[in-house]
Amino acid sequence: MSASASVADSLTALAEAAGVAPRWIDAHGRRRDTPAETLRAVLAAMDLPADTPAQARDSLARLALPASQPPALTIVRTGHSVQLPGVRAGRYLVHYEDGTCDEGQATGAGDDACLQAPDRPGYHLLELAGRQYALAVAPGRCPSPAQLLQDDSPRAWGIAAQIHSLRRADPSAPAAGGYGDFGALADLAEQAGRLGADALAVSPMHAMFSARPAACSPYSPSSRLFLNVLYADPGAVFGADEVRSAMAAVDAAGRAAALEQACLVDWQAAGARRLALLRKLYDRFERAAPALRDACARFREAGGDTLQNHAVFEVLHERHATDWRQWPDALRDPRSSRARGFGAAHEQEVGFHIFMQWLARASLGSVQARARQAGMRLGLIADLAVGTDPRGSHAWSRQAEIIEGLSIGAPPDLFNPAGQQWGLAAFSPHALQERGYSAFIEMLRAVLADTGGLRIDHILGLARLWVVPAGASPEAGAYLRYPLNPLLDLVALEAWRHRALIVGENLGTVPEGFNERLAERGILGTSVLWFQTAAPPVRPPSGTSAAFLAPGEWPADAIAMPTTHDLPTLRGWWEGRDLQWRARLGAAPAVNTQALAERQAQRSSLWSGLRAAGLVQGDTPPQTAPIAAMLGFVAATPAPLMLAPLEDLAAVADQPNLPGTTTEHPNWRQRLPRTSGNLLQDPALRARIEAITAARRSA
1 MSASASVADS
11 LTALAEAAGV
21 APRWIDAHGR
31 RRDTPAETLR
41 AVLAAMDLPA
51 DTPAQARDSL
61 ARLALPASQP
71 PALTIVRTGH
81 SVQLPGVRAG
91 RYLVHYEDGT
101 CDEGQATGAG
111 DDACLQAPDR
121 PGYHLLELAG
131 RQYALAVAPG
141 RCPSPAQLLQ
151 DDSPRAWGIA
161 AQIHSLRRAD
171 PSAPAAGGYG
181 DFGALADLAE
191 QAGRLGADAL
201 AVSPMHAMFS
211 ARPAACSPYS
221 PSSRLFLNVL
231 YADPGAVFGA
241 DEVRSAMAAV
251 DAAGRAAALE
261 QACLVDWQAA
271 GARRLALLRK
281 LYDRFERAAP
291 ALRDACARFR
301 EAGGDTLQNH
311 AVFEVLHERH
321 ATDWRQWPDA
331 LRDPRSSRAR
341 GFGAAHEQEV
351 GFHIFMQWLA
361 RASLGSVQAR
371 ARQAGMRLGL
381 IADLAVGTDP
391 RGSHAWSRQA
401 EIIEGLSIGA
411 PPDLFNPAGQ
421 QWGLAAFSPH
431 ALQERGYSAF
441 IEMLRAVLAD
451 TGGLRIDHIL
461 GLARLWVVPA
471 GASPEAGAYL
481 RYPLNPLLDL
491 VALEAWRHRA
501 LIVGENLGTV
511 PEGFNERLAE
521 RGILGTSVLW
531 FQTAAPPVRP
541 PSGTSAAFLA
551 PGEWPADAIA
561 MPTTHDLPTL
571 RGWWEGRDLQ
581 WRARLGAAPA
591 VNTQALAERQ
601 AQRSSLWSGL
611 RAAGLVQGDT
621 PPQTAPIAAM
631 LGFVAATPAP
641 LMLAPLEDLA
651 AVADQPNLPG
661 TTTEHPNWRQ
671 RLPRTSGNLL
681 QDPALRARIE
691 AITAARRSA
C-alpha cells in the first residue's frame with residue numbers, strides 16, 4: 001500500500017468513526033467525495049486532529065476507548081429492551097420520576113444484561129449490580145393531531161405570523177412603539193381564535209442581543225434557551241396605567257407614535273425605546289405589589305445558573321461590545337468569579353436582565369392563555385431555529401457542547417447552486433452524548449413552554465448538518481452525522497410531557513428514508529404549494545411547467561402551507577416580485593424573457609389546478625393573484641393542519657425574508673398595513689378565511 005493510500009485510509013476511517021461523511025450524494029443524484037482538507041478542518045474543530053496518519057490513528061483510538069462508567073443518559077422507547085453491556089444480570093430497581101418504584105429481573109448471558117424498558121414515559125433512575133443508570137423512556141410517537149385536537153379526522157387551520165410585523169389592536173396602547181410584541185400577538189390570537197383558527201404559528205421567539213437591537217434575524221439568536229425581551233408585553237403584568245406612566249417618562253417627545261406608524265421597523269430606535277421603558281419599570285419594581293416581586297424571585301430561583309449565565313452575558317456583552325471570544329480570558333469562562341460579579345452595580349444590571357426575561361415569559365404565557373380562551377385547540381406553535389449565533393449567550397455558556405470554527409449551512413442544490421453558509425453554531429454530537437443530551441433537553445423544554453406545538457426548523461439537522469469550516473466557501477463543507485434516533489426519542493418524550501404538536505421543516509436535500517422516520521415518530525412534515533408538483537421543481541424548458549399536484553395528492557402526514565417566510569408570497573409569486581428582486585440585487589441580469597415565460601407557464605399550470613379543483617372559472621389566468629382560490633386549494637389537502645401566512649391573508653407583495661441578503665432587502669422589518677382588528681375585519685381578508693374554512697369542511 002502506498003503512503004498516500006495509507007494517509008487517505010486513516011483519514012477516512014477517522015472521519016467515518018467521528019460522523020463526518022467522506023462522500024455524499026448531491027441534489028442531482030451524483031456521488032461527491034469530501035475533499036481531504038475539508039475532512040481535516042472539520043475533524044480539527046471537533047478536537048480530532050488528523051494532519052498526519054499518526055494523528056488520525058491517535059484520534060481514532062480516543063474515539064474507540066471503552067466507557068468505564070455508565071452512559072450519562074440511556075435513551076429507550078416504551079416496549080423496547082434496555083441493553084446494558086458490561087453488567088451482569090440480576091435484580092434491578094427503577095425509581096420513577098413521580099417518586100414511585102418498581103423492581104424486576106434483568107436477563108442476559110455473561111456481562112450483557114437486558115431488561116424490558118418501563119412502560120411509563122419519563123426520566124427515571126435504574127439501579128442494577130451496584131450501578132445507577134439515568135433513563136429517558138420515550139413514548140413510541142409524539143402526540144398526534146387527532147389526540148391534541150380531539151378529532152379522529154382533524155381538518156384544522158391556523159395562521160402563521162411574524163411577530164414583529166403585527167400592530168396592536170389598539171394603536172394607542174402604551175407599549176406600542178414600532179414593532180409587534182407579545183401584546184400584539186395576544187390580540188391576533190384572540191381574534192383569530194374567534195374566527196375558528198386552532199393554531200397560531202410564529203417566527204422564533206429566542207433571545208437576541210439587547211446591546212444590538214438592529215441584529216434582528218430571529219433565526220440567528222443569541223440563545224435558544226430564553227426569549228427575546230423586546231417582545232415582552234409589560235401591560236400583561238403591570239397593567240396599562242403603570243406602563244403608560246413609565247412610557248411618558250421615557251418618551252416625552254412622543255417618538256413612539258411615529259415609530260408605530262412606520263411601514264418598516266427601525267429596530268435600533270424602537271428597541272432602544274422599549275429597553276428604556278423596561279428599565280423604568282425595573283427601577284420602580286421595588287415598589288411593585290409583593291405578589292409580583294415574589295413571582296420574579298421564584299422565576300430567578302427556578303432559572304438557576306442557566307438564567308444567571310444568560311443575564312451575566314448580556315451585561316458583559318453590553319460593556320465590551322465585542323465578540324466574547326475576544327474578551328479577557330477570565331470573562332470567557334462563565335464559571336469565573338470575575339465574570340459573575342463586579343459589585344452592587346453589576347448585580348443590579350444582572351437583575352434587570354432577569355427581570356426582562358421574567359416579563360417576557362409571563363407575557364408569553366398570557367398569549368397562550370388568551371389563545372386557548374378564544375377557542376384555539378392548539379394555540380401557539382413556536383419555532384426552533386437550527387442554530388445560534390456563535391457570538392451569543394448560548395455559545396458562551398455552553399462552550400463544551402458547541403463546535404467552534406464550523407458554520408451550519410447547506411450544500412449546493414437546485415435553488416442555491418453555490419450552497420449556503422448561515423453563520424450559525426451547532427451542537428457537537430459527541431459532547432451531547434457524553435453529557436446526557438442535557439443541552440438538547442433544556443432547549444426543547446425552553447421552546448415548548450407556554451405553547452401548544454413546535455416547528456423544528458431544518459429538522460434534517462437531527463440526522464446530519466452541512467458544516468462549513470471557518471473561512472471556506474459553502475460548497476467546501478461536509479455532512480456531520482447526528483444521533484437521529486436518540487434525538488427523535490427525546491423530542492417525542494418532551495412533546496408527550498408538554499402535550500405538544502411537533503412539525504418538522506423537511507424541505508431541501510432529504511436523506512433517503514428520513515421522511516418515513518418522521519412519520520413513524522408522529523412528527524408532521526411540511527408541504528409547501530410551490531414544491532407540490534408532479535415533477536421535481538427544477539427549471540423547466542422555456543414556456544413549460546410541471547403540473548401542480550391536486551389537493552387530494554398532497555401528503556396526509558404533513559402540515560400544508562402555501563409558502564414560507566423565505567419564499568415569495570402568493571401575490572408576490574403571481575406578480576413576479578421575486579424575479580424583480582433577483583434582478584434588482586444582481587442575482588439575475590434582468591427579468592429576462594425566459595424567466596417571464598417560465599413564470600407565465602407556472603401561473604397557467606396553477607390556474608389549471610385551481611380550475612380542476614372547482615375553485616376558479618375561465619381559461620385565462622387573471623392579472624390579479626387569485627389569493628382566496630390559492631388558499632382554498634391548499635386548504636383542500638388532507639393535511640391535518642393548514643397554516644395560512646398572515647402576509648397572504650393580507651395580500652402583501654414582498655416576502656418577510658429574502659435568503660442571501662442582509663440589508664439589501666427589508667428582511668424582518670416589514671410591518672402589516674393595519675392593526676389586527678382592522679385587518680381581520682377587512683372584507684377581502686374575511687373572504688380568504690372563508691375560502692379556507694369552506695375547503696377544510698368539504699375536503
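Residues 1 to 699 in UniProt numbering are what the sequence shown lists, from first letter to last.
Ideal Cβ positions, reconstructed from N, Cα and C, are used throughout, including at glycine.
As the structure is a computational prediction, the values presented were derived from the model and not from experiment.
- For residue 468, which option in 407, 411, 500 has the closest C-alpha, if you only look at C-alpha atoms? The shortest Cα separation from residue 468 among 407, 411, 500 belongs to 407.
- With C-beta atoms as the reference, is residue 709 less than 7 Å away from residue 259? Residue 709 falls outside the range modelled here, since the chain spans only 1 to 699, and no answer is possible.
- Task: Flag this pair as yes or no: are the beta carbons of residue 380 and residue 200 separated by less than 7 Å?
- Result: Cβ atoms of residue 380 and residue 200: closer than 7 Å.
- Express the C-alpha separation of residue 50 and residue 11 in angstroms, rounding to a whole number. Cα to Cα, the separation comes out at about 7 Å.
- Query: Between residue 137 and residue 121, which are expected to be in contact by the criterion C-beta below 8 Å, what is the C-beta distance as a whole number of angstroms?
  - Reply: Correct: roughly 5 Å between the Cβ atoms.
- Task: Confirm, please, whether the CB-CB distance from residue 453 to residue 500 is below 7 Å.
- Result: The beta carbons of residue 500 and residue 453 sit closer together than 7 Å.
- Task: Between the Cα of residue 161 and those of 489, 237, 197, 245, spot the shortest distance and give me the residue it belongs to.
- Result: The candidate whose alpha carbon is nearest that of residue 161 is 197.
- Determine the direct distance from the alpha carbon of residue 577 to that of residue 277, and round the result to whole angstroms. Cα to Cα, the separation comes out at about 38 Å.
- Task: Please name the residue, chosen from 694, 655, 695, 650, that lies closest to residue 682 on a Cα-to-Cα basis.
- Result: When each option's Cα is compared against that of residue 682, the closest is 650.
- Could you give the DSSP three-state label for residue 700: helix, strand or coil? There is simply no residue 700 to check, as the chain begins at 1 and stops at 699 in what is shown.
- Query: Among 202, 204, 266, 413, which has the Cα closest to the Cα of residue 670?
  - Reply: The residue among 202, 204, 266, 413 with its C-alpha nearest the C-alpha of residue 670 is 266.
- Classify residue 622 as buried or exposed, calling it buried when 16 or more other Cβ atoms lie within 10 Å of its own Cβ. Burial call: exposed.
- Query: Among 240, 292, 348, 659, which one has its Cα closest to the Cα of residue 311?
  - Reply: Across the set 240, 292, 348, 659, the C-alpha of 348 shows the shortest separation from the C-alpha of residue 311.
- Message: Once the 5 residues before and after residue 629 are set aside, which same chain residues still bring their CB inside 6 Å of it?
- Response: Within the same chain, Cβ atoms closer than 6 Å to the Cβ of residue 629 are found at 610, 615, 616, the five residues on either side in sequence being excluded.
- Can you give the Cα-Cα distance for residue 658 and residue 230, rounded to whole angstroms? For residue 658 and residue 230, the distance between alpha carbons rounds to 23 Å.
- Under 8 Å by Cβ, that's how I've got residue 169 and residue 677 pegged, so tell me the actual separation to the nearest angstrom. Their Cβ separation, rounded to whole angstroms, is 4 Å, which keeps residue 169 and residue 677 in contact under 8 Å.
- Item | Pair within 7 Å by beta-carbon distance, residue 462 and residue 484 | Yes, they are a contact pair.
- Taking the continuous beta strand (DSSP E) assigned at residue 528, which residues delimit it? Counting along the chain, the beta strand (DSSP E) containing residue 528 begins and ends at 525 to 528.
- Message: For the stretch 412 to 425 against the stretch 19 to 36, do three or more pairs of beta-carbon atoms, one drawn from each stretch, fall closer than 8 Å, so that the two count as touching?
- Response: Under the Cβ criterion (8 Å, minimum of three pairs), the stretch 412 to 425 counts as touching the stretch 19 to 36.
- For residue 596, which residues of its own chain have a beta-carbon under 8 Å away from its beta-carbon, when the five flanking residues on both sides are left out? So the qualifying residues of the chain are 576, 579.
- Per-residue DSSP class, three states only, for residue 25: Note: residue 25 maps to strand in three-state DSSP.
- Which whole runs of the alpha helix (DSSP H) in the stretch 12 to 61 are 4 residues long or more, in chain order? Within the stretch 12 to 61, the complete alpha helix (DSSP H) runs of at least 4 residues are 36 to 45.
- First through last residue of the alpha helix (DSSP H) which encompasses residue 498: Unbroken alpha helix (DSSP H) run through residue 498: 484 to 498.
- Task: Could you check the C-alpha separation between residue 14 and residue 402 for me, to the nearest Å?
- Result: Rounded to the nearest angstrom, the two C-alpha atoms are 20 Å apart.
- Message: Would residue 238 and residue 357 qualify as a contact pair, given that the criterion is a beta-carbon distance under 7 Å?
- Response: The answer is no: Cβ separation not under 7 Å.
- Message: I'd like the span of the beta strand (DSSP E) that includes residue 92, first residue to last.
- Response: 91 to 95 is the span of the beta strand (DSSP E), which, as asked, contains residue 92.
- Could you round the C-beta distance between residue 613 and residue 550 to whole angstroms and report it? I think they count as a contact, below 8 Å. Rounded, the Cβ-Cβ distance is 7 Å, consistent with contact.
- Message: Let me check understanding here. Comparing Cα to Cα, which of 270, 507, 429, 418 lies closest to residue 700?
- Response: What the structure shows of the chain is the stretch from 1 to 699, and residue 700 is not part of that stretch, so it cannot be assessed.
- Message: Less than 7 Å between the C-beta atoms of residue 643 and residue 158, yes or no?
- Response: Yes, the pair counts as a contact, with Cβ atoms nearer than the cut-off.
- Item | Exposure label - residue 472; buried when at least 16 CB within 10 Å | With 16 or more neighbouring CB atoms inside 10 Å of its own CB, residue 472 falls in the buried class.
- Task: Return the residue from the list 634, 111, 208, 85 that minimises the CA-CA distance to residue 696.
- Result: If we check each option's Cα against that of residue 696, 634 comes out closest.
- Query: Within this structure, are the beta carbons of residue 559 and residue 526 separated by less than 7 Å?
  - Reply: Cβ distance < 7 Å, so residue 559 and residue 526 count as in contact.
- Are residue 134 and residue 73 close, meaning C-beta to C-beta below 7 Å? Going by C-beta atoms, residue 134 is nearer than 7 Å to residue 73.
- Message: Classify residue 538: buried if its beta carbon has 16 or more other beta carbons within 10 angstroms, exposed otherwise.
- Response: Only weak support is given to the placement of residue 538: the predicted model assigns it a pLDDT of 45, under 50, and the value that follows is read from those uncertain coordinates. That one is exposed.
- Task: Find out if the Cβ-Cβ distance for the pair residue 486, residue 163 is shorter than 7 Å.
- Result: In terms of Cβ geometry, residue 486 and residue 163 do not form a close pair [threshold 7 Å].
- DSSP-derived helix/strand/coil call for residue 725: Here the chain has residues from 1 to 699 only, and residue 725 is not among them.
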